[in-house]
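Number of protein chains: 2
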Amino acid sequence: MTVKRLRERQAEATRELLVTIARELFVEQGFAATAIDEIVQRAGLAKGALYHHFGGKDALFKAVFEVVLDETAEAVLSAAVAEDDPWDAVRAGLSAFLDACLQPAFRRIVIIDSVAVMAANSWEGGMEGIELPMLRVVLTPLVASGALPGVTVDPLAHVALGGLYGSALYIAKAADPQAARAEAEVVIDVVLRGVRAVATGQP
Amino acid sequence: MTVKRLRERQAEATRELLVTIARELFVEQGFAATAIDEIVQRAGLAKGALYHHFGGKDALFKAVFEVVLDETAEAVLSAAVAEDDPWDAVRAGLSAFLDACLQPAFRRIVIIDSVAVMAANSWEGGMEGIELPMLRVVLTPLVASGALPGVTVDPLAHVALGGLYGSALYIAKAADPQAARAEAEVVIDVVLRGVRAVATGQP
DNA sequence: GTCGGTGACCGACCGTCGGTCGGTGAAGGG
DNA sequence: CCCTTCACCGACCGACGGTCGGTCACCGAC
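Chains as they are written, first to last, in UniProt numbering: chain A, 1 to 203; chain Z, 1 to 203.
1) Chain A partners of residue 122 (chain Z), CB-CB under 8 Å?
2) Can you look up residue 70 (chain A) in the DSSP assignment and give me helix, strand or coil?
3) Kindly give me the distance between the Cβ atoms of residue 67 (chain Z) and residue 23 (chain Z), rounded to whole angstroms, as I take these residues to be in contact under 8 Å.
4) Do you know offhand how far residue 36 (chain A)'s Cα is from residue 109 (chain Z)'s?
5) Answer yes or no: do residue 166 (chain Z) and residue 161 (chain A) have a C-beta to C-beta separation smaller than 7 Å?
6) Does residue 183 (chain A) come within less than 7 Å of chain Z when only Cβ atoms are used?
7) Could you list which residues in chain A have their beta carbon closer than 7 Å to that of residue 152 (chain Z), in chain order?
8) Where do the ends of the alpha helix (DSSP H) carrying residue 149 (chain A) lie?
9) Out of curiosity, what's the CA-to-CA distance linking residue 13 (chain A) and residue 21 (chain Z)?
10) In this structure, how does DSSP classify residue 14 (chain Z) when only helix, strand and coil are distinguished?
11) Using the Cβ count rule (16 or more neighbours within 10 Å means buried), how would you classify residue 72 (chain A)?
12) How big is the Cα-Cα spacing for residue 107 (chain Z) and residue 34 (chain A)?
13) Of all the options Z:18, Z:103 and Z:180, which has the alpha carbon lying nearest to the alpha carbon of residue 53 (chain Z)?
14) Could you list which residues in chain Z have their beta carbon closer than 8 Å to that of residue 112 (chain A), in chain order?
15) Going along chain A, which residues have a C-beta under 7 Å from residue 109 (chain Z)?
16) By the criterion of Cβ-Cβ separation under 8 Å, what are the contact partners of residue 167 (chain Z) in chain A?
17) Using a cut-off of 7 Å between C-beta atoms, extract the partners of residue 197 (chain A) located in chain Z.
18) If you measure from the beta carbon of residue 205 (chain Z) to each beta carbon in chain A, is any gap under 7 Å?
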């Protein structure tokens with residue numbers, strides 16, 4: 001299995017090339033404004049090659065989307081697991097997520113274009129696919145500690161994810177992303193402190 | 001001015017008809033999957049009529065978008081202004097917005113499709129157009145009171161909107177919407193109490 | 001009233017784009 | 001050495017967004 005046949009390796013290389021090129025163009029121009037012919041031409045391939053490896057333009061986008069999302073999920077999780085205290089883990093994860101929002105690829109692919117493309121194909125969106133499990137990992141310790149009576153993980157994760165998405169949109173559209181990120185972090189910090197205060201009974 | 005000429009009235013009726021038909025189809029099928037020919041055919045008009053009144057498919061979508069957004073903004077505001085206490089107003093507004101998130105038109109037009117369409121034309125998105133003023137009315141008293149040091153209205157509104165959308169998503173997908181709504185409101189309540197605790201210095 | 005201008009609306013036409021499909025040549029098992 | 005397999009090719013198609021010259025009812029001027 002480790003020794004792959006020549007054809008197999010070339011095919012995989014072609015797939016990765018297509019994903020890489022498509023990612024560049026999707027980030028630069030957006031999904032709708034990027035023509036398949038342009039992707040294929042820049043990759044030095046014919047249109048048939050793309051349709052041999054991917055079901056269509058949407059499927060190619062989904063492949064790109066998953067790569068970008070995986071990168072972000074990994075960054076968030078690795079930041080969270082580095083902390084011992086559950087609250088510190090949450091804050092570290094949020095900070096990593098806000099960093100991701102500053103990157104053009106995440107903004108364009110995940111925040112702006114993915115929602116419509118996924119909805120058009122009845123696919124799972126960014127919310128449910130990977131981000132939610134990611135958030136559950138961070139939030140479950142909090143809920144399990146019993147600090148938030150009556151609160152269950154699933155709705156909490158959804159609300160948190162939505163809030164993150166809202167701040168992501170704010171950052172994505174701001175003229176000064178750095179300043180927007182700082183503003184958003186203040187807000188999230190207040191919310192976090194507030195929830196913590198309710199949990200511990202201390203302001 | 002109140003007495004409009006016949007041509008003027010007919011033109012306005014045509015515009016409204018186009019917006020109404022387009023809204024139905026956009027909600028049913030989404031923006032990308034709806035063909036201009038289909039809109040025009042169902043309206044009993046020719047394609048030229050549409051392009052006479054609107055700059056293009058995107059401009060027609062924006063007109064539909066603004067109508068849907070206005071409806072929601074009005075519902076939220078009327079719910080909020082009925083309350084005297086700022087915190088009660090916030091809660092009432094949030095509840096009304098949650099209801100809006102459950103309606104297919106708002107979900108499809110504003111949440112799913114608007115972001116990509118607006119981004120493609122460098123237009124103002126849903127958050128900045130009307131939703132933000134709507135939420136600003138509700139949230140500005142809080143921020144202006146100085147209870148939340150360092151917090152500005154815009155990012156706070158975005159985070160709140162996102163959180164509400166997340167909970168709406170959770171409710172929409174749940175097998176038991178009533179129970180899900182109760183769960184979500186517990187979470188929102190915790191967050192609200194938390195922010196309030198930070199603001200007042202009391203848990 | 002009638003006459004010329006205006007503008008709402010028509011619909012054939014165009015360029016582009018996503019998607020299809022029969023073909024081709026090299027890889028690789030027998 | 002041959003025959004199957006398959007990654008890849010590229011001409012072609014149909015659909016869609018957008019254009020543009022034409023048409024005719026409406027409306028103010030005289």
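The beta carbon of each residue, even a glycine, is placed where N, CA and C say it ideally should be.
Result, derived from the coordinates:
1) When 8 Å is used as the limit between beta carbons, residue 122 (chain Z) is near no residue of chain A, the shortest such separation being about 10 Å.
2) Helix.
3) Confirmed, Cβ separation roughly 7 Å.
4) Each residue's alpha carbon lies about 26 Å from the other.
5) Contact flag set, yes.
6) Yes - at least one Cβ of chain Z is within 7 Å of the one on residue 183 (chain A).
7) Neighbours of residue 152 (chain Z) on chain A, chain order: 183.
8) Careful: residue 149 (chain A) lies outside any alpha helix (DSSP H) and carries neither H nor E.
9) Straight-line Cα distance between these residues: approximately 47 Å.
10) In the three-state scheme derived from DSSP, where H, G and I count as helix and E and B as strand, residue 14 (chain Z) is classed as helix.
11) It counts as buried.
12) The alpha-carbon atoms of residue 107 (chain Z) and residue 34 (chain A) are separated by roughly 26 Å.
13) Distances from the alpha-carbon of residue 53 (chain Z) to those of Z:18, Z:103 and Z:180 put Z:18 closest.
14) In chain order: 115, 116 and 119.
15) What residue 109 (chain Z) touches in chain A: nothing, since even the nearest Cβ is about 11 Å away.
16) From the beta-carbon of residue 167 (chain Z), the residues of chain A found nearer than 8 Å are 155, 158, 159 and 162.
17) For residue 197 (chain A), the C-beta contacts it makes with chain Z under 7 Å involve 194, 197, 198 and 203, in order along the chain.
18) Residue 205 (chain Z) is absent from the structure shown; chain Z starts at 1 and stops at 203.
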